[in-house]
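Asks:
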Amino acid sequence: MDIRVAVLRIEGTNCEDETVRAFRALGAYAEAVHLKQFYSDMIRDDEVRSIWDYHCLVFPGGFSAGDYVRAGAIFSARVKSVLRRDLEEFIKEGYPVLGICNGFQILVELGALPGFDEDKPIADEPQMALAINDSNRFECRPTFLKHENRGKCVFTRKLKKEIVMYPVAHAEGKVVFPRGREEEYLERLIENDQIVFRYVDPEGNYSSYPWNPNGSFYNIAGICNVKGNVFGLMPHPERAFFGWQVGREEEVFDGKYVFESVIDYLRKFY
Amino acid sequence: MIMYREIYPGVYEIDILNAGDEELVKISEEMGLNLSLDEMKVIKEYFKNKGRNPRDIELQALGQAWSEHCCYKSSKYWLKKFLLGFKTDYVISTEYDAGVVEFDEEHAYVVALESHNHPSAVEPYGGAATGIGGILRDVLCMGAQPVALVDPLFFGDLSTPYEKLPPGIKHPVYLLEGVVAGIRDYGNRVGIPTVAGMVFFDESYLTNCLVNVGCVGVAKKDRIIPSKAGGEGDIFILAGGATGRDGIHGVTFASAELTDTESTRSAVQLGNPIMKEPLIHACLEIVEKGLLTGMKDLGGGGLSCAVGEMALAAGYGAEVWLDKVHLKEKDMKPWEIWISESQERMLLTVKPKHVDEVLYIFRKWDVPASVIGVVKGEKVLRVYYKDWLIYEMEIEFVTKGPEYCRATAERREKVEVDEVKEPEDYAKVFLKMISHPNVASKEWVIRQYDHEVRGNTVLKPLQGRIGFETHGDAAVVKPTDSWKGLAITADVNPWMTKIDPFWGTASSFDEMVRNLVAVNSEPHSFADCLNFGNPEKPERIWEFVESVKALGWMSKEFGLPCVSGNVSFYNETPYGGVAPTPTLMGIGIVEDVRRAVTSNFKREGSAIVLVGETKREFGGSLYSKVTGMKCNVVPKTDPKLLKRYSEAMLEAFRKFKVLSCHDPVEGGVAVALAEMAICGMGFEVSLDFIDLFSESNTRWIVEVKEAEKFVNFFKERGLKAKVIGYTGGDKLNYGKFSVELEEVEKAWRSGFSKFLR
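Residue numbers (numbering that gives the first Met the number 0), protein chains in the order written: chain A, 0 to 269; chain B, 0 to 756.
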């Protein structure tokens with residue numbers, strides 16, 4: 000079966016090409032789709048799309064609508080206004096949704112992550128935030144991530160390595176939970192097996208800046224929802240997909256596993 | 000005498016036919032035209048023949064078109080004489096805003112480099128951001144996808160005490176932080192990686208910071224778009240941001256000395272990357288579908304220059320309907336609309352049958368677009384506002400502009416001065432050098448730019464062990480599906496050009512070539528951005544001419560074509576002019592990106608080879624700077640020898656396993672070795688004083704496995720190479736002195752960033 004992936008974009012989304020390329024390199028059909036193609040009546044017939052045309056949705060990196068408000072706020076508001084019911088259904092049926100960097104910020108603003116409630120996969124209001132980095136600056140740097148998921152996240156099931164290297168490039172990536180309830184959130188995330196990646200140093204130890212590039216709580220770099228089919232992370236696996244992107248001789252590199260895992264998941268289930 | 004008379008609402012006629020010399024000068028001043036008396040007289044003569052007086056919009060258009068910025072009136076004589084005209088068979092075009100060069104059978108790469116100096120000195124954040132915006136449009140208008148940005152920056156000394164700042168001048172720290180933030184917020188948002196650049200400090204930039212921006216793009220060869228109108232009857236479509244009052248008189252402001260940085264803010268435009276980003280997508284979709292015949296970006300001079308230049312280049316005329324332009328503010332006067340430099344705008348010519356399709360594509364991307372005119376056969380430009388004809392001039396008269404060969408005066412020191420001697424305390428001087436802001440780690444800047452977006456950056460500006468990276472020589476991007484790559488570097492040495500603009504420029508060219516070769520790329524083309532002082536001063540134009548001579552000589556003798564360029568004069572205030580700054584952006588072709596070479600030491604016990612010859616040349620050197628020992632012997636170079644060395648290096652890369660390579664620049668071999676070691680591997684070498692600190696050209700440091708064979712390979716070709724030592728340990732042992740790696744690393748990492756928040 001042909002696996003179809005939509006990489007969603009609006010103005011200011013800017014990592015769609017390399018994200019599409021990563022899926023295509025593994026044989027999936029992927030295309031960049033402007034959000035307007037789902038709803039606007041000015042779009043010509045041959046360019047109209049529905050989310051049900053796809054098996055997987057991806058919110059890629061970038062600065063959607065400029066991120067002049069909170070990062071991801073405007074993209075998520077548009078999704079909510081035109082797509083909310085469909086997207087909720089999509090997630091409930093088990094179709095995977097991925098958010099990378101700005102995409103993670105969008106999923107958080109949308110209320111789809113941490114996504115504790117399986118019956119209501121999009122919360123009415125955001126449950127966490129991706130706040131401004133502790134350095135107060137945009138940081139473009141390689142990071143080491145420890146994979147701590149025990150099998151729930153459909154995007155990392157094929158990942159056998161314990162430590163991977165994906166680069167980050169963001170100004171707002173610090174995971175923050177409601178003040179005073181951090182431990183409670185953390186316990187739930189651990190119990191539900193929702194923690195996917197945590198920042199570590201080259202030796203695999205939990206460490207502070209620059210290894211934790213933004214000051215994230217519990218060194219969290221990526222989490223999935225309670226069902227394991229919505230996954231958001233700040234680092235960019237699509238920038239560490241091929242060996243040549245990271246100065247390695249191997250043909251493919253750590254980033255591949257994210258894309259491979261979800262394709263494998265879809266092949267088995269649909 | 001009444002000089003101004005309103006003939007239509009908002010349109011004034013100016014009585015120049017009856018104006019004497021004094022009044023002509025007054026008109027130029029009052030209207031902000033920045034035209035000389037002689038130029039005003041030519042205009043008066045032109046309208047006398049027409050038998051009527053000009054309107055404000057016509058004079059404003061002439062002020063734009065004849066500005067230094069638009070018509071290169073002080074520079075084009077010299078550029079034509081010394082630099083332009085040399086091409087290789089792979090150069091596709093150099094006549095437009097960006098140079099187009101063959102990349103492979105199917106693709107071309109597109110190069111542009113420009114200054115955005117005056118705006119950045121006044122409003123660093125906005126000025127630098129719109130500099131990025133402008134250079135992206137230059138590349139985009141050729142039909143190319145931008146793939147990399149480059150930003151060489153020049154500021155006054157960061158340690159300048161506030162009380163020493165002249166009135167109205169902003170502190171270098173403020174300017175640097177603002178400029179970096181502007182580039183970051185614009186470049187990161189449009190999603191084009193900023194992969195290379197330089198940050199240089201010298202007191203001559205205190206009152207004139209320089210912000211140069213470069214861009215490289217990639218296009219399909221059969222989809223390259225000329226910056227000229229297609230044919231008679233084609234429709235002009237203006238797309239992108241709305242036109243407003245921001246950036247009025249930007250070019251005339253850039254074509255005069257900057258006297259005060261507070262009252263000129265209105266000449267700085269406002270950037271909007273979130274308009275630019277979809278504008279790029281929409282334009283490229285239109286290009287891909289073959290729906291347009293010509294495209295040009297709106298930069299200096301706005302519509303006035305863009306329409307004129309597109310029509311003139313094609314040998315046509317045009318008719319424009321100004322009231323169709325979409326505006327930011329309602330009550331703009333016609334002349335303001337005509338010359339506004341509002342950002343994020345592109346002008347397209349489209350066959351009438353494709354207009355609807357093109358407008359649909361812009362609408363789909365939420366980019367406003369309007370039909371604003373038509374291409375005409377007669378070589379006259381007519382502008383209408385509502386039903387009134389408010390502008391009618393021959394295109395050739397407006398757009399060609401004057402050309403000057405200004406008087407020059409040599410200021411080179413005739414007597415050789417060389418007071419340089421060995422330091423008393425080697426380690427102390429060395430630590431001063433490694434922590435000098437011109438040498439020290441630029442990580443604070445580099446990490447704020449997304450240098451990896453698009454996922455095609457193979458060699459990044461910071462290389463080596465993660466978390467402990469060092470500077471690279473050139474960035475490498477992989478722009479297509481093949482293994483072929485583009486190496487990109489930006490170089491100039493203002494300390495050398497200040498002493499001797501000829502040899503300083505030749506040295507900068509040598510450095511550019513060395514950087515390209517160091518990453519294992521074949522030098523292919525370059526662009527120049529020539530930043531100089533006031534050309535009306537004979538010693539300034541002399542500096543310029545010397546520099547252009549050197550570039551032309553190096554370019555032709557080495558065989559590297561100059562494919563794009565920009566001249567920025569008037570980088571001068573009453574407090575002085577900038578050091579001659581011919582910024583160069585070099586492009587190299589990497590046959591296989593997997594074979595690109597990085598600068599950090601890789602293995603303990605490898606041999607370190609110094610390729611090339613070191614002479615006693617300390618003029619403009621970092622050693623001379625930090626010790627205060629005077630020297631005006633600027634390093635010389637020989638383009639033929641540089642060529643022989645470059646070819647031998649590239650052949651050696653194919654023949655031998657090269658683990659790392661770096662070229663000595665500021666601080667000579669001593670600093671270059673430290674930069675190779677800083678990721679965590681020391682070395683032991685034995686070098687004399689000259690070898691350590693002289694900044695002679697045409698040299699590389701190479702880490703190799705088979706040292707003897709490698710050295711012989713060069714000797715067999717009559718070239719010089721020698722083993723100077725071995726990698727390993729946690730000391731930098733130079734023979735004459737030794738320092739702990741940790742101490743050097745600390746000095747290098749903090750030398751620049753300690754001035755910043």
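Ideal Cβ placement from N, Cα and C applies to all residues, glycine included.
(1) Mark B/SER339 as exposed unless 16 or more other C-beta atoms lie within 10 angstroms of its C-beta, in which case mark it buried.
(2) Extract the residue ranges of the alpha helix (DSSP H) inside the region 345-405 of chain B, only unbroken runs of 4 or more that lie entirely within it.
(3) I want to verify the contact list: residues of chain A whose CB lies under 7 Å from the CB of B/GLN447, in sequence order.
(4) Output the boundary residues of the alpha helix (DSSP H) element that contains B/LEU550.
(5) Between which two residues does the alpha helix (DSSP H) containing B/ARG183 stretch?
(6) Against chain B, which members of the region 24-50 of chain A pass a CB distance test of less than 8 Å?
(7) Whose C-beta lies closer than 7 Å to the C-beta of A/THR155 among residues of the same chain, with five residues either side of it excluded?
(8) Would you verify that the beta carbon of A/PRO234 is, or is not, closer than 8 Å to some beta carbon of chain B?
(9) Count the CB pairs spanning the region 583-590 of chain B and the region 534-542 of chain B that are closer than 8 Å, and state whether there are at least three.
(10) Among the residues of its own chain, which have a CB less than 7 Å from the CB of A/LEU87, if the five just before and after it don't count?
(11) Could you check whether the Cβ of A/PRO166 sits closer than 8 Å to any Cβ belonging to chain B?
(12) List the whole-angstrom C-beta distance separating B/ILE182 from B/ALA147, where the pair is believed to meet the contact cut-off of C-beta under 8 Å.
(13) Below 7 Å between beta carbons is the criterion; list the residues of the region 111-129 of chain A that meet it against any residue of chain B, in chain order.
(14) Quick one, are the C-beta atoms of B/VAL366 and B/ALA241 less than 8 Å apart?
(15) Determine, using beta carbons only, whether A/ASN13 comes closer than 8 Å to chain B.
(16) Just mark B/ILE236 as buried or exposed, buried being the case when its beta carbon has 16 or more other beta carbons within 10 Å.
(17) Taking CB distances under 8 Å as the criterion, tell me whether B/GLU451 reaches chain A.
(18) Taking the beta carbon of A/GLU51 as the centre, do at least 16 other beta carbons fall within 10 Å, making it buried, or is it exposed?
(19) Below 8 Å, how does it come out for the region 427-447 of chain B and the region 189-208 of chain B: are there three or more Cβ pairs, yes or no?
(20) Is the Cβ of B/VAL198 closer than 8 Å to any Cβ of chain A?
(21) Comparing C-alpha positions only, which one of B/GLU5, B/LEU36, B/SER73 sits nearest to B/ARG54?
(22) Relative to chain B, which residues along the region 61-94 of chain A have a C-beta separation below 7 Å, given in chain order?
(23) Would B/PHE557 be called buried (16 or more neighbouring beta carbons within 10 Å of its own) or exposed?
(24) B/LYS477 touches chain A at which residues, Cβ-Cβ below 8 Å?
(25) Under a CB-based cut-off of 8 Å, is B/LYS40 close to chain A?
(26) If you draw a straight line from the C-alpha of A/ALA72 to the C-alpha of A/ILE99, how long is it?
(27) Verify whether the separation of the beta carbon atoms of B/GLY471 and B/THR582 is less than 8 Å.
(28) Run through the region 267-301 of chain B for me and flag every whole alpha helix (DSSP H) of 4 or more residues, listed as ranges in chain order.
(29) Just to make sure I have the definition right: I need the residues of chain A whose C-beta is within less than 8 Å of the C-beta of B/VAL457. Which are they?
(30) Determine which residues share a DSSP beta bridge with B/GLY213 and list them.
(31) Provide the residue(s) that pair with B/TYR7 in DSSP beta bridges, ordered along the chain.
(32) Taking 7 Å as the limit between beta carbons, can you name the residues of its chain near A/GLY231, skipping five residues before and five after?
(33) Using the Cα positions of B/ALA406 and B/ILE540, report the straight-line distance between them to the nearest angstrom.
(34) Roughly how many angstroms lie between the CA atoms of B/VAL212 and B/ALA111, to the nearest whole one?
(35) Determine the burial state of A/GLY114: buried for a count of at least 16 other Cβ atoms within 10 Å of its Cβ, exposed for fewer.
(36) Can you tell me which of the three DSSP states B/LEU583 falls into?
Replies: Let me lay it out:
(1) In the second sequence, residue 339 of chain B corresponds to position 340, counting from 1. Looking at its Cβ environment, which holds 16 or more other Cβ atoms inside 10 Å, B/SER339 is buried.
(2) 354-363, 394-399
(3) In the second sequence, counting from the first residue as 1, residue 447 of chain B sits at position 448. Within 7 Å Cβ-Cβ: ARG136, PHE137.
(4) Here residue 550 of chain B refers to the residue found at position 551 when the second sequence is read from its first residue. Segment 537-557, the alpha helix (DSSP H) holding B/LEU550.
(5) Reading the second sequence from its first residue, position 184 is the one you call residue 183 of chain B. Here the alpha helix (DSSP H) through B/ARG183 covers 171-189.
(6) HIS33, LYS35, MET41, ILE42, ARG43, GLU46
(7) Here residue 155 of chain A refers to the residue found at position 156 of the first sequence. Only HIS146, ASN148, VAL195, TYR256, VAL257, SER260 meet the Cβ criterion.
(8) Here the question's residue 234 of chain A lines up with position 235 in the first sequence. Judged by the 8 Å Cβ criterion, A/PRO234 is not in contact with chain B.
(9) no
(10) Taking the first sequence and counting its residues from 1, one reaches residue 87 of chain A at position 88. Here residue 87 of chain A turns out to be Glu, not Leu, going by the sequence shown. So the qualifying residues of the chain are PRO120, ILE121.
(11) Translated into the one-based positions of the first sequence, residue 166 of chain A becomes position 167. Cβ-Cβ to chain B under 8 Å: yes for A/PRO166.
(12) Position 183 of the second sequence, counting from 1, holds the residue named residue 182 of chain B. Position 148 of the second sequence, counting from 1, holds the residue named residue 147 of chain B. Contact flag wrong, Cβ pair sits at about 13 Å.
(13) none
(14) Within the second sequence, the letter at position 367 stands for residue 366 of chain B. Within the second sequence, the letter at position 242 stands for residue 241 of chain B. Their beta carbons are not under 8 Å apart, which means B/VAL366 does not touch B/ALA241 by this criterion.
(15) Position 14 of the first sequence, counted from the first residue, corresponds to residue 13 of chain A. So yes, A/ASN13 belongs to the interface.
(16) If you number the second sequence from 1, residue 236 of chain B lands on position 237. Answer is buried; the Cβ neighbour count reaches 16.
(17) Position 452 of the second sequence holds residue 451 of chain B. Judged by the 8 Å Cβ criterion, B/GLU451 is in contact with chain A.
(18) To locate residue 51 of chain A, count along the first sequence from 1; it is residue 52. According to the sequence as given, residue 51 of chain A is Trp; it is not Glu. Exposed.
(19) yes
(20) Position 199 of the second sequence, counted from the first residue, corresponds to residue 198 of chain B. No, no contact with chain A.
(21) Residue numbering aside, residue 54 of chain B sits at position 55 when the second sequence is read from its first letter. Checked all of B/GLU5, B/LEU36, B/SER73; the closest Cα to B/ARG54 is B/GLU5.
(22) GLY61, PHE62, ALA64, GLY65
(23) For the purposes of this step, residue 557 of chain B is taken as the residue at position 558 of the second sequence. Buried, because 16 or more other Cβ atoms sit within 10 Å of the Cβ of B/PHE557.
(24) Position 478 of the second sequence, counted from the start, is the residue given in the question as residue 477 of chain B. Ordered by position in chain A, the residues that pass the 8 Å Cβ test against B/LYS477 are TRP243.
(25) One-based indexing of the second sequence puts residue 40 of chain B at position 41. No, its Cβ sits nowhere closer than 8 Å to a Cβ of chain A.
(26) Residue 72 of chain A sits at position 73 when you count from the first residue of the first sequence. Residue 99 of chain A sits at position 100 when you count from the first residue of the first sequence. The straight-line gap from Cα to Cα measures roughly 15 Å.
(27) Sequence index remark: in the second sequence, residue 471 of chain B carries index 472 (1-based). Sequence index remark: in the second sequence, residue 582 of chain B carries index 583 (1-based). For B/GLY471 and B/THR582, no; Cβs fall outside 8 Å.
(28) 272-287
(29) Your numbering for residue 457 of chain B matches position 458 in the second sequence. Going along chain A in sequence order, the residues near B/VAL457 (Cβ under 8 Å) are TRP243, GLN244, GLY246.
(30) Within the second sequence, the letter at position 214 stands for residue 213 of chain B. DSSP output for B/GLY213 lists B/LEU112, B/VAL149 as bridge partner(s).
(31) Taking the second sequence and counting its residues from 1, the one referred to as residue 7 of chain B is at position 8. Partner(s): B/VAL10.
(32) Position 232 of the first sequence, counted from the first residue, corresponds to residue 231 of chain A. Contacts found: GLY98, GLY102, PHE103, LEU106, VAL107, LEU112, GLY221, ILE222.
(33) Numbered from its first residue, the second sequence carries residue 406 of chain B at position 407. Numbered from its first residue, the second sequence carries residue 540 of chain B at position 541. One C-alpha to the other measures close to 7 Å.
(34) Looking up residue 212 of chain B in the second sequence gives position 213. Looking up residue 111 of chain B in the second sequence gives position 112. C-alpha separation (whole angstroms): 8 Å.
(35) Here residue 114 of chain A is taken as the residue at index 115 of the first sequence, counted from 1. So A/GLY114 counts as buried.
(36) Here residue 583 of chain B corresponds to residue number 584 of the second sequence, with the count starting at 1. DSSP places B/LEU583 in strand when its eight states are reduced to three.
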